[in-house]
Amino acid sequence: MSGTPDTSVPRRRARRTTLLIAGAAVLGALAGTVTGYAVQYHREPTPLPPLAQQKMDGPEPAAMNDATSRRSVNAQRWHKADEDLAKKLVDVPAGAQDSFSGAVSADAFAASWYLQPSDAVGGLIRDGIKSVATASWAESDRNFVGIHLLQYRDRSGAEGFQAEMVGYMPEKDYAGNTGKDFPGVPADFGHLWIDSKAHEEPGYHPVRQARALIRRGDIVMIVEYSNNRGEVDEKALVEIAKRQMERL
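Going by full-length UniProt numbering, the sequence shown opens with residue 1, and the numbers climb by one from there.
Take a look at the structure:
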């Protein structure tokens, strides 16, 4: 209509002007950033301020001697939580031989427990292992006891370890049978195995082993009782395991 003003051209011009202004702003910011980097590149590096504590407290390296223990070798790898778990270990009997009781690292446990430690320690870490404590001793030249406490960050890790052990123990390289429920413990939380037959190798005594596996919350308890004459006292295993349960 002739009475209506045509405003389409001014709107297009206004939009174009806005785009030009925005583009100039972007180019200006980019040029400023490049200039800043160029100036900084030619400056001498600013030294960092010195640490407030120049020397950190810690055990000094020392050569191994008769007093060297598993903990002193790996002094930087222990945490208070490890000590708390180790305190739950049953007391080593007085007069026991070749005894040890205390916290161990996850890789040290894997090295003593698994055939492929490097793979096993990765699995333990993925499952959320928090701390491990071990006690071991020899009652005589025939009977040997080993206790392992594994604490996970949550119950799922402990349940996974329990399920894995229940799964492989019936194999012939281990107990060779499905075992049975641990006395006084619900079926889903405790199990007991005695090797179907002794493991024999030329030049060695026949070794037979019994194992108890019990889970309480996020902690898994394993008790091993071995005899190098092929005979295992199930009552002795159950007694040790019950004493350890009381400590938990």
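All C-beta atoms in this analysis are idealised placements derived from N, C-alpha and C, irrespective of residue type, glycine included.
Residue range of the unbroken beta strand (DSSP E) whose run includes residue i
i	result
residue 224	219-227
residue 148	143-152
residue 104	97-104
residue 192	190-194
DSSP-derived helix/strand/coil call for residue i
i	result
residue 182	coil
residue 238	helix
residue 174	coil
residue 114	coil
residue 296	Beyond the ends of the chain as shown, which are 1 and 248, falls residue 296; an answer cannot be given.
residue 243	helix
residue 230	coil
residue 121	helix
residue 212	strand
residue 138	strand
residue 6	Here residue 6 scores only 46 on pLDDT, less than 50, and its place in the model should not be relied on; the value that follows carries that caveat. Residue state, collapsed to three classes: coil.
residue 201	coil
Identity of the residue in the options nearest residue i by Cα
i	options	result
residue 151	200, 184, 109 and 91	109
residue 120	221, 195, 132 and 107	107
residue 222	113, 94 and 91	113
residue 246	228, 215 and 225	215
residue 132	169, 186 and 88	88
residue 104	158, 85 and 115	85
residue 190	94, 162, 142 and 177	162
residue 218	188, 165 and 159	159
residue 169	117, 201 and 213	213
residue 227	178, 184 and 204	204
residue 156	177, 129, 236 and 118	129
residue 149	236, 224 and 182	224
Start and end residues, alpha helix (DSSP H) containing residue i
i	result
residue 161	155-168
Cβ distance (whole Å) where residue i is taken to contact residue j below 8 Å
i	j	result
residue 193	residue 211	5 Å
residue 243	residue 90	5 Å
Cβ-heavy atom distance, residue i to the ligand MN, below 8 Å
i	result
residue 86	Because no ligand of any kind appears in the structure shown, any question about the ligand MN cannot be addressed here.
Is the region 164-181 touching the region 229-242 in the sense that three or more CB pairs, one from each, lie closer than 8 Å?
-> no
Take every Cβ of the region 127-138, pair it with every Cβ of the region 89-107, and state whether three or more of those distances are shorter than 8 Å.
-> yes
Evaluate contact between the region 182-199 and the region 117-131, counting only Cβ atoms and requiring at least three cross-stretch pairs below 8 Å.
-> no
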